[in-house]
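Before any comments, here is the structure.
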Amino acid sequence: MQLLVTCCQRQLDTVRTTAPNIVILERTHDQKFDARAPTRSRRPGEKTQLAYTQFWVVILGLNSGMLPTALDFNIVAAAVPIISSESQEYSNSQWPGTAFLIIFALIQPICVKLGDMWGRKNLFLFCTIVFTLGSALCGWSSSMDMLIWSRAIQGIGAGGIYGQTNVIITDLVDLRDAGKYLSVTAAVWGIADVAGLLRAAYPPSDRYVTWRWCFWINFTIAPISFLIVLDVLRLPMPEDTVKDKILLFDYHGTVLVAGGTASLVLDGVMLVLFIAAERLAKFPLVDLSMFKGRTLIAIFGAEFSMAWSYVLPPAILPASLRRYRHTVWCRLLPMMLGLLVGTGQGAIMSGLLLSAQVAVKPAEIGVLTGFCIFVQCVGNIFGIALFAAVYVNRLSESLAQLGLEAQEVAHVLADVQGICSLFSLDVVEVIVDVYANSMQNG
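Counting with numbering that gives the first Met the number 0, you get residues 0 to 441 for the letters of the sequence shown.
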């Protein structure tokens, strides 16, 4: 009996010793769960509750702002041959799309950081106004130079709309459900891509329907998005004073990001200076601690690589061949094979963004989302620049080998549609073959 009592006493002492550890573990888990739960004093980056109807109205408003942004990506590239022919400025025909894409890329980390400081709703509304103003200037452009600068203004608004939309959606829903609602945004982007390409395939029917409606059509959509977001969306405002917001903004990092994005030649130097500036900044534009983990580095590398092929066909083909309508309708069935590529790219890019958002703290999701979009856009720019450089060099060499003079080569590069009036039919066929081979091997 004494032995039994001794054993029971030992078991009781063991339970008393281990019980506090169990309680501590459970408490630690609860504290970790509560740290990710919404609190009463919500700040940007944390979740916000909306009524069911209000939530879907906000989703409608955000995606209404995304629609004209996505339309202007491809519809303008497809309309470049018509614009160049009307203005007789073929040498700068790629700059309306290039200026838009460069500004769209470099504005991503800047706008997301400004959204953290001034409020995402305010930034979305401001960028919608800028985008609408840029669209008006594009439609009223009287020269190619004015169109290029107007497209740059439009790119500021479009980049802010795209970045803020993705971040606001993650503010409204749990991160585990963000993929379902971001897929709606991706679907809107895909529909706009197809609609823009097919709309550009139709020639203007009369003097009332011109290429300028590629920009003026935004006046019918952007105001709807502006009014919905202004009236329905409710997000917490940052508590910092205006003076603190102005003084604490990372101006050095902003200048270095802009310089490095605009000039691929200076990328290495700008990158070193940017890293040094971000380490010294009190509130950096990009938190360098994100690059300490292998997960985010792998995601950024995959996004940069995948972005190469995303805009090559719609951006390069119309600008190089100076035609678009025949490319769409005569080759529409073979181009349907691109659906397979698009399906894979869409799944990969969405999965990469969600994986990156899960890998950081909730308060860092905004900055991370903007940087992910920035990496994708830089990949687009780099891919187009690399392809164009190889393609143009190969094409110039091949045309020179045909025995054409330098002036004739320059004319063919500027306006391929005019070769029928300058050369015989046999020479035209050879030039077309040279274009095809350069495009295939470039």
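We put the beta carbon where it would ideally sit given N, CA and C, even for glycine.
> Which residues in the same chain as L113 place their Cβ atom closer than 7 angstroms to its Cβ, once the five residues preceding and following it in sequence are excluded?
Replying inline: By one-based count along the sequence shown, residue 113 stands at place 114. Hits under 7 angstroms: L122.
> If you count every other CB in all the chains shown that lies within 10 Å of the CB of D249, and 16 or more means buried, which is it?
Replying inline: Looking up residue 249 in the sequence shown gives position 250. By the neighbour-count definition (other C-beta atoms within 10 Å, threshold 16), D249 is a buried residue.
> Straight-line CA distance for A151 to M145?
Replying inline: Against the sequence shown, residue 151 aligns to sequence position 152. Against the sequence shown, residue 145 aligns to sequence position 146. When rounded, the distance between both Cα atoms is 10 angstroms.
> Which word fits N392, buried or exposed, when buried means at least 16 other C-beta atoms lie within 10 angstroms of its C-beta?
Replying inline: As a position in the sequence shown, residue 392 is number 393, starting the count at 1. Its Cβ having fewer than 16 others within 10 Å, N392 is exposed.
> How would you call K360, buried or exposed, if buried means at least 16 neighbouring beta carbons within 10 angstroms?
Replying inline: Walking along the sequence shown from the start, residue 360 turns up at place 361. By the neighbour-count rule (16 or more Cβ atoms within 10 Å), K360 is not buried but exposed.
> If I82 sits next to W212, beta carbons under 8 angstroms apart, how far is it from one beta carbon to the other, in whole angstroms?
Replying inline: In the sequence shown, the residue the question calls residue 82 occupies position 83. In the sequence shown, the residue the question calls residue 212 occupies position 213. About 12 angstroms; that fails the 8 angstroms criterion.
>> What residue range does the alpha helix (DSSP H) around I220 cover?
In response: Against the sequence shown, residue 220 aligns to sequence position 221. Neither: I220 is in no alpha helix (DSSP H) and is coded neither H nor E.
> Looking at C-alpha atoms only, which residue of I128, S92 and W94 is the closest neighbour of P67?
Replying inline: As a working note, residue 67 is residue 68 in the sequence shown. Looking at the Cα atoms, I128 is the closest of the given residues.
>> Please give me, in chain order, every unbroken run of the alpha helix (DSSP H) with length at least 4 that falls completely inside the region 340-423.
In response: As far as the region 340-423 is concerned, its whole alpha helix (DSSP H) runs of at least 4 residues are 364-400 and 405-413.
> Do C126 and F214 come within 9 angstroms of each other at the CB atom, strictly closer than that value?
Replying inline: In the sequence shown, counting from the first residue as 1, residue 214 sits at position 215. In the sequence shown, counting from the first residue as 1, residue 126 sits at position 127. In this structure, C126 does not lie closer than 9 angstroms to F214 by Cβ.
>> Which residue wins for smallest C-alpha separation from L59, given the options L279, L229 and D432?
In response: Translated into the one-based positions of the sequence shown, residue 59 becomes position 60. Nearest of L279, L229 and D432 to L59, Cα basis: L229.
>> Tell me which residues share the same chain as L403 and place their Cβ nearer than 8 angstroms to its Cβ, disregarding the 5 neighbours each side in the sequence.
In response: Locating residue 403 in the sequence shown gives position 404, counting from the first residue. Counting only residues of its own chain and dropping the five nearest sequence neighbours on each side, L403 has a CB closer than 8 angstroms to the CB of V411.
>> So, under 8 angstroms CB-CB, D170 and L246 are touching, yes? Tell me the CB distance rounded to an integer number of Å.
In response: Within the sequence shown, residue 170 is the residue found at index 171, counting from 1. Within the sequence shown, residue 246 is the residue found at index 247, counting from 1. The pair is not a contact, with the Cβ atoms about 26 angstroms apart (cut-off 8 angstroms).
> How many whole angstroms separate the CB atoms of M348 and T184, which I take to be in contact at a CB cut-off of 8 angstroms?
Replying inline: Translated into the one-based positions of the sequence shown, residue 348 becomes position 349. Translated into the one-based positions of the sequence shown, residue 184 becomes position 185. The Cβ separation is near 12 angstroms, so there is no contact.
> How would you label M236, buried or exposed, when you count the other beta carbons within 10 angstroms and need 16 or more for buried?
Replying inline: Counting from 1 along the sequence shown, the entry for residue 236 is found at position 237. By the neighbour-count definition (other C-beta atoms within 10 Å, threshold 16), M236 is an exposed residue.
> Terminal residues of the continuous alpha helix (DSSP H) containing R150?
Replying inline: Here residue 150 refers to the residue found at position 151 of the sequence shown. Per DSSP, R150 belongs to the alpha helix (DSSP H) from M143 to L171.
>> If you reduce the DSSP assignment to three classes, tell me which class E238 lands in.
In response: Within the sequence shown, the letter at position 239 stands for residue 238. The answer is coil: DSSP assigns E238 none of H, G, I, E or B.
>> Which of the three DSSP states is assigned to P67 in this structure?
In response: In the sequence shown, the residue the question calls residue 67 occupies position 68. Residue state, collapsed to three classes: helix.
>> Short of 7 angstroms in beta carbon distance, which residues of its chain neighbour F103, apart from the five on each side in sequence? Order them along the chain.
In response: Here residue 103 refers to the residue found at position 104 when the sequence shown is read from its first residue. Here the set comprises G154, A157, G158 and C376.
>> On the criterion of 16 or more Cβ atoms from any shown chain inside 10 Å, does T240 qualify as buried, or is it exposed?
In response: Along the sequence shown, one-based indexing puts residue 240 at 241. Burial call: exposed.
> For the candidate residues G382, I227 and H251, whose alpha-carbon lies nearest to that of T52?
Replying inline: As a first step, residue 52 is located in the sequence shown; it is residue number 53 there, counting from the start. That would be I227, whose Cα lies nearest to the Cα of T52.
> Does the separation of the CB atoms of V111 and T368 fall below 9 angstroms?
Replying inline: To locate residue 111, count along the sequence shown from 1; it is residue 112. To locate residue 368, count along the sequence shown from 1; it is residue 369. In terms of Cβ geometry, V111 and T368 form a close pair [threshold 9 angstroms].
> Between the Cα of K179 and the Cα atoms of A191, N165, D192 and I190, which residue gives the shortest distance?
Replying inline: By 1-based counting over the sequence shown, the position of residue 179 is 180. Closest by alpha carbon: N165.
> Applying the criterion that 16 or more other CB atoms from any shown protein chain within 10 Å of the CB defines a buried residue, is I383 buried or exposed?
Replying inline: By one-based count along the sequence shown, residue 383 stands at place 384. Its Cβ being crowded by 16 or more others within 10 Å, I383 is buried.
>> So, for P191: in the same chain, excluding its five sequence neighbours on each side, which residues have a beta-carbon less than 7 angstroms away from its beta-carbon?
In response: As a working note, residue 191 is residue 192 in the sequence shown. Correcting the residue identity first, residue 191 is Ala in this sequence and not Pro. Hits under 7 angstroms: L66, A69 and L70.
>> If you reduce the DSSP assignment to three classes, tell me which class V285 lands in.
In response: Counted from its first residue, the sequence shown places residue 285 at position 286. DSSP, read as helix, strand or coil, puts V285 in coil.
> Relative to the C-alpha of M143, which residue among K120, I109, G162 and G96 is closest?
Replying inline: For the purposes of this step, residue 143 is taken as residue 144 along the sequence shown, with counting starting at 1. Ranking K120, I109, G162 and G96 by Cα distance to M143 puts G96 first.
> Hey, quick one: how far does the alpha helix (DSSP H) through D249 stretch, first residue to last?
Replying inline: As a first step, residue 249 must be located in the sequence shown, where it is residue number 250. Note, D249: premise wrong, no alpha helix (DSSP H); not H, not E.
> Can you tell me where the alpha helix (DSSP H) with A297 in it begins and where it stops?
Replying inline: On the sequence shown, residue 297 is found 298 positions in, with the first residue counted as 1. It spans R293 to M305 - the alpha helix (DSSP H) in which A297 sits, taken as one unbroken run.
>> Only counting the same chain, and skipping five residues up and downstream in sequence, which positions put a Cβ closer than 7 angstroms to that of I220?
In response: What you label residue 220 is simply residue 221 of the sequence shown in a count that begins at 1. S63, L66 and P67, listed in sequence order.
>> Looking at the secondary structure, which residues open and close the alpha helix (DSSP H) in which T97 lies?
In response: Taking the sequence shown and counting its residues from 1, one reaches residue 97 at position 98. Element bounds for T97: W94 to W117.
>> Excluding the 5 residues flanking I296 on each side, which residues of the same chain have their C-beta closer than 8 angstroms to its C-beta?
In response: The sequence position of residue 296 within the sequence shown is 297, counting from 1. F290, listed in sequence order.
> Hey, how far is the Cα of T253 from the Cα of K281?
Replying inline: Here residue 253 refers to the residue found at position 254 when the sequence shown is read from its first residue. Here residue 281 refers to the residue found at position 282 when the sequence shown is read from its first residue. Taking the CA atoms as reference points, T253 sits about 14 angstroms from K281.
>> Please tell me whether, using a cut-off of 8 angstroms, the distance from the CB of I109 to the nearest non-hydrogen atom of the ligand ADP is below it.
In response: This structure lacks the ligand ADP, and indeed carries no ligand of any kind.
> Got a sec? Which residues, its chain only, sit under 6 angstroms from R278 by beta carbon, not counting five neighbours each side?
Replying inline: For the purposes of this step, residue 278 is taken as the residue at position 279 of the sequence shown. Counting only Cβ-Cβ distances below 6 angstroms, and skipping sequence neighbours, we find nothing.
> Which whole-angstrom value describes the C-beta separation of L272 and L255, a residue pair presumed to lie in contact below a C-beta threshold of 8 angstroms?
Replying inline: For the purposes of this step, residue 272 is taken as residue 273 along the sequence shown, with counting starting at 1. For the purposes of this step, residue 255 is taken as residue 256 along the sequence shown, with counting starting at 1. In this structure, L272 and L255 form a Cβ contact; the two beta carbons are roughly 5 angstroms apart against a cut-off of 8 angstroms.
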